[in-house]
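To start, the structure under review is shown below, and the notes come after it.
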Amino acid sequence: MSVGLKKDKTAAGMMVNIAGLHLKNPVITASGTFGYGEEYADYIDLNKLGGISVKGLSLAPRAGNPPPRIMETTGGMLNSVGLQNVGVDAFIEEKLPFLRKFDVAVIANIYGESYAEYAAVAAKLDGVPGVHALEVNISCPNVQKGGLSFGADPKSAAEVTRRVRAKNNLPLIVKLTPNVTDITVIARAVEQAGADAVSLINTLTGMSIDLDTREPHLKNITGGLSGPAIKPVALRMVWQVARQVKIPVIGMGGIMTARDALEFMVAGASAVQVGTASFVNPCAATEIIDGIHDYMRKNRIKKITDIVGTLKT
Amino acid sequence: MKDICVGLVAANEEIKRNYFLMKVALPAAFDDPLPGQFVMMRIAGLQDPFLSRPLSVYAFSRSQKGCVIELLYRVAGRGTGIMAGLIEGSEVEIIGPLGQSYRVDPLMKNIVFIAGGIGVAPLSLLAGHLGDTFCRETSSMTFFLGARTAEEIVGIELLQKYCYRVIVCTDDGSMGEKGQVTGIFKKEMAKFPPADTALYACGPRPMLKALAGLVGGKYKCQVSLEERMACGVGACAGCVAAIKEGRGKMAYKRVCAEGPIFDLETVIWQ
Numbered sequence: 001m002s003v004g005l006k007k008d009k010t011a012a013g014m015m016v017n018i019a020g021l022h023l024k025n026p027v028i029t030a031s032g033t034f035g036y037g038e039e040y041a042d043y044i045d046l047n048k049l050g051g052i053s054v055k056g057l058s059l060a061p062r063a064g065n066p067p068p069r070i071m072e073t074t075g076g077m078l079n080s081v082g083l084q085n086v087g088v089d090a091f092i093e094e095k096l097p098f099l100r101k102f103d104v105a106v107i108a109n110i111y112g113e114s115y116a117e118y119a120a121v122a123a124k125l126d127g128v129p130g131v132h133a134l135e136v137n138i139s140c141p142n143v144q145k146g147g148l149s150f151g152a153d154p155k156s157a158a159e160v161t162r163r164v165r166a167k168n169n170l171p172l173i174v175k176l177t178p179n180v181t182d183i184t185v186i187a188r189a190v191e192q193a194g195a196d197a198v199s200l201i202n203t204l205t206g207m208s209i210d211l212d213t214r215e216p217h218l219k220n221i222t223g224g225l226s227g228p229a230i231k232p233v234a235l236r237m238v239w240q241v242a243r244q245v246k247i248p249v250i251g252m253g254g255i256m257t258a259r260d261a262l263e264f265m266v267a268g269a270s271a272v273q274v275g276t277a278s279f280v281n282p283c284a285a286t287e288i289i290d291g292i293h294d295y296m297r298k299n300r301i302k303k304i305t306d307i308v309g310t311l312k313t
Numbered sequence: 314m315k316d317i318c319v320g321l322v323a324a325n326e327e328i329k330r331n332y333f334l335m336k337v338a339l340p341a342a343f344d345d346p347l348p349g350q351f352v353m354m355r356i357a358g359l360q361d362p363f364l365s366r367p368l369s370v371y372a373f374s375r376s377q378k379g380c381v382i383e384l385l386y387r388v389a390g391r392g393t394g395i396m397a398g399l400i401e402g403s404e405v406e407i408i409g410p411l412g413q414s415y416r417v418d419p420l421m422k423n424i425v426f427i428a429g430g431i432g433v434a435p436l437s438l439l440a441g442h443l444g445d446t447f448c449r450e451t452s453s454m455t456f457f458l459g460a461r462t463a464e465e466i467v468g469i470e471l472l473q474k475y476c477y478r479v480i481v482c483t484d485d486g487s488m489g490e491k492g493q494v495t496g497i498f499k500k501e502m503a504k505f506p507p508a509d510t511a512l513y514a515c516g517p518r519p520m521l522k523a524l525a526g527l528v529g530g531k532y533k534c535q536v537s538l539e540e541r542m543a544c545g546v547g548a549c550a551g552c553v554a555a556i557k558e559g560r561g562k563m564a565y566k567r568v569c570a571e572g573p574i575f576d577l578e579t580v581i582w583q
């Protein structure tokens, strides 16, 4: 299916530019679902992807949460991996050289447990060859504020954005949590604080119980719900946010097919991220790219950007 | 590039209550699995169950037309329950073979396998592999196979072909010796000097934990661990086990990527 993709006009029409981040197509693999790229390199050609958002990076390596960490649910799954990662230094030294071999936008997803940690991780990634954008995960608990998520409060979400902005010149994407009363308030706050784009949604907090033992299925008790079960919620939030901010929106949440991806773009997303779908089908992201390409050809859409925010209400 | 292989179910037989043997015909592109490796399997075109299921490879054969993989599994939940309903000709999608295999030390005089219930599956492939590939005498191989009852003893016929001695035991004494497999092994331990013996084990966590207490620090023992998995290829970090690293440190290792085979002495039983 990919034969000739580079030459035809539709392929050129798939390019998107998100605040200076050039993507050959609007499909990015979502952080935490695609490792550091190498895990899936045997199954798909990473050169075909618009971008790869790598597993969330912290200042020091993190062991993550004790198992069991995952549980299947109806139309999705819960995870409480706990942001296990190699740390930003090991990422730059050990993981990035592999990714540099590919013609794909690499988005470094970062997080911290304090403003200082966010700033320090951002500083380490400034000017590093092969990193094309930052995506800031603000869903993690703020240890200094009793564990409340940075992303649940507009002031702390904005402060994280400012701190990262001050230390790094790359296009800055802030990834929003859906576990809030009004996501548009947070989106506006990070926009004003200097974010170049927002991505949403992160997982929805959920839980699952084993009735036989009356124990939670996850050791952590609660976890993040992902997969097609959350798509309607994600679509609603993307639509709401896209109407409230001027910066580009990257949509995600339960995208399994090209049609799902296109729905997010109609709702206002300039690009999309494919996450849990890769677990089910390692080729999901490239199949979605091919599917978008086919849709554009069949519907005579010259530029994919023409479809963004075209919802008729 | 590795492919997601589409396989055709050639047989899916209930060999004991809740225990099934599925044979799947696969294209020649599928690599030969090594003992201890697994596959991720899902029913083609079905969205529910959402995730693929990890299954140990029980047997494998290759012909000019393609290959056949055999999966011995127990119906443990919804996913395997739906799998049990597959009829001949059903299409399945398989990724694999995945994970690390058992490491073979050809110099060890004795090879001892300790399996609990469905844990027989990867060890049976290993016993066959040691015989066929490493020309190990059946007399060097002893297999301890335990389960709660006779109804849960599966795979014994193949083992008797590979191993000179197959010692069966059940918790209720309904087949073979009465007692748990670790206890029965303990009674025979003196016959297997640690310096000359390679131990391989697979079974439920409590069994492996008991074995760790029994052989810890004395024998070289490799075990196969089981965890719920999402991707099977190391991307999600969902299937981790707590493993000792050097200098008293602990790390969560991915059962799908660094495992499923681990040295028993490195496993931390929380």
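Chains as they are written, first to last, in the working numbering: chain A, 1 to 313; chain B, 314 to 583.
Just so it is clear, CB atoms sit at the ideal spot from N, CA and C, and this is done for glycine as well.
* For chain A, is any of its Cβ atoms less than 8 Å away from the one on B:I328? -> When Cβ-Cβ separations below 8 Å define contact, B:I328 makes no contact with chain A.
* **Simplified DSSP assignment, three categories, for B:S487** => For B:S487, the three-state secondary structure derived from DSSP is coil.
* Asked: In this structure, does DSSP put B:N331 in helix, strand or coil?
  -> In the three-state DSSP reduction, B:N331 falls in the coil class, being neither helix nor strand.
* Asked: In chain B, which residues lie with their C-beta within 7 Å of the C-beta of A:M77?
  -> Correct list: F363, L364, A543.
* Does the separation of the CB atoms of B:G358 and B:L339 fall below 8 Å? -> The criterion of a C-beta distance shorter than 8 Å is not satisfied by B:G358 and B:L339.
* Alpha-carbon to alpha-carbon, B:L334 and B:R355 -> One Cα belongs to B:R355, the other to B:L334, and the distance between them is close to 16 Å.
* Proximal chain B residues relative to A:R69, where beta-carbon distance stays under 7 Å -> The contacting residues are G551, V553.
* chain B contact residues for A:Y295, given Cβ-Cβ distances below 7 Å -> Residues of chain B whose Cβ lies closer than 7 Å to the Cβ of A:Y295 do not exist; the shortest such Cβ separation is about 21 Å.
* On the DSSP bridge assignment, give the partners of A:G206 in chain order. => According to DSSP, which records beta bridges pairwise, A:G206 is partnered with A:G223.
* Reference B:Y532; option with closest CA among B:I317, B:C476, B:A508, B:A372 -> Nearest of B:I317, B:C476, B:A508, B:A372 to B:Y532, Cα basis: B:A508.
* **Proximal residues, the segment 518-548 of chain B versus chain A, C-beta separation under 9 Å** => Residues E540, R541, M542, A543, C544, G545, V546, G547, A548.
* Asked: Which two residues bound the contiguous alpha helix (DSSP H) that contains B:F608?
  -> In the structure displayed, chain B extends from 314 to 583; residue 608 of chain B sits before or after that span and is not available.
* Would you say A:E263 faces chain B, with C-beta separation under 8 Å as the test? -> Taking Cβ atoms only, chain B never reaches closer than 8 Å to A:E263, which makes this a no.
* Note down the Cα distance separating A:M296 from A:N137, rounded to an integer number of angstroms. => If I take the Cα positions, the gap works out to 32 Å.
* Indicate the three-state DSSP secondary structure (helix, strand or coil) for A:T29 in the structure shown. => Under the three-state reduction of DSSP output, A:T29 falls in the strand class.
* Which value, in whole angstroms, describes the spacing of the CA atoms of A:V16 and B:A324? -> Answer to the nearest angstrom: the Cα atoms are 49 Å apart.
* To do: Report all residues from its chain with a CB closer than 7 Å to the CB of B:W582; omit the five preceding and five following residues, and keep chain order.
  => Residues K522, A525 of the same chain have their beta carbon placed closer than 7 Å to that of B:W582, with the five preceding and five following residues left out of the count.
* Looking at the unbroken alpha helix (DSSP H) that takes in A:A116, where does it start and where does it end? -> Start and end: 115-124.
* List the residues of chain A whose Cβ lies closer than 8 Å to the Cβ of B:K315, in chain order. => Neighbours of B:K315 on chain A, chain order: D42, Y43.
* Asked: Count the other CB atoms within 10 Å of the CB of A:V185; is the residue buried (16 or more) or exposed (fewer)?
  -> It is exposed - the Cβ of A:V185 has fewer than 16 other Cβ atoms within 10 Å.
* Asked: Would you say B:Y565 faces chain A, with C-beta separation under 8 Å as the test?
  -> At least one C-beta of chain A is nearer than 8 Å to the C-beta of B:Y565.
* DSSP state of A:H22 mapped onto helix, strand, coil -> Strand.
* Classify B:S537 as buried or exposed, calling it buried when 16 or more other Cβ atoms lie within 10 Å of its own Cβ. => The Cβ neighbour count for B:S537, taken over all protein chains shown within 10 Å, is at least 16; the residue is labelled buried.
* Would you mind reading off the limits of the beta strand (DSSP E) that contains A:L99? => Not the beta strand (DSSP E): A:L99 falls in the alpha helix (DSSP H), residues 96-100.
* To do: Evaluate A:R300 with the Cβ neighbour count: other Cβ atoms within 10 Å of its Cβ, from every protein chain shown; 16 or more gives buried, anything less gives exposed.
  => Exposed, by the Cβ-count rule.
* Asked: Hey, out of B:K474, B:L368, B:E465, whose CA is closest to B:A428's CA?
  -> Of B:K474, B:L368, B:E465, the residue nearest in Cα terms is B:E465.
* Between A:L204, A:V86, A:E191, which lies nearest to A:C140 when the distance is taken from Cα to Cα? -> When A:L204, A:V86, A:E191 are compared, the shortest CA-CA separation from A:C140 is found for A:L204.
* To do: Spatial neighbours of B:V479 within its chain, please: CB distance less than 6 Å, with the 5 preceding and 5 following residues excluded, ordered by chain position.
  => Non-local C-beta neighbours of B:V479 in its own chain, meaning closer than 6 Å and more than five positions away in sequence, comprise F456, L472, Q473, ordered along the chain.
* Segments assigned beta strand (DSSP E), at least 3 residues, entirely inside the segment 249-287 of chain A -> The qualifying runs are 249-251, 271-274.
* To do: Using a Cβ cut-off of 8 Å (strictly closer), state whether A:Q273 contacts chain B.
  => So no, A:Q273 is outside the interface.
* Report the partner residues of B:V425 according to the DSSP bridge assignment. => The partner list for B:V425 (beta bridge, DSSP) reads B:T455, B:L512.
* Report yes or no: do the segment 102-112 of chain A and the segment 384-402 of chain B share at least 3 C-beta pairs separated by less than 8 Å? => In short, these stretches do not touch, since the Cβ pair count stays below three.
* Asked: Quick one: what does DSSP say B:A548 is sitting in, helix, strand or coil?
  -> In the three-state reduction of the DSSP assignment, B:A548 falls in the coil class, being assigned neither a helical nor a strand state.
* Based on the DSSP secondary-structure assignment, which residues constitute the bridge partners of B:I480? -> In the DSSP output, where bridge partners are listed per residue, B:I480 has B:F457.
* Asked: Helix, strand or coil: how does DSSP classify A:D182 here?
  -> The three-state reading of DSSP puts A:D182 in coil, since its state is none of H, G, I, E or B.
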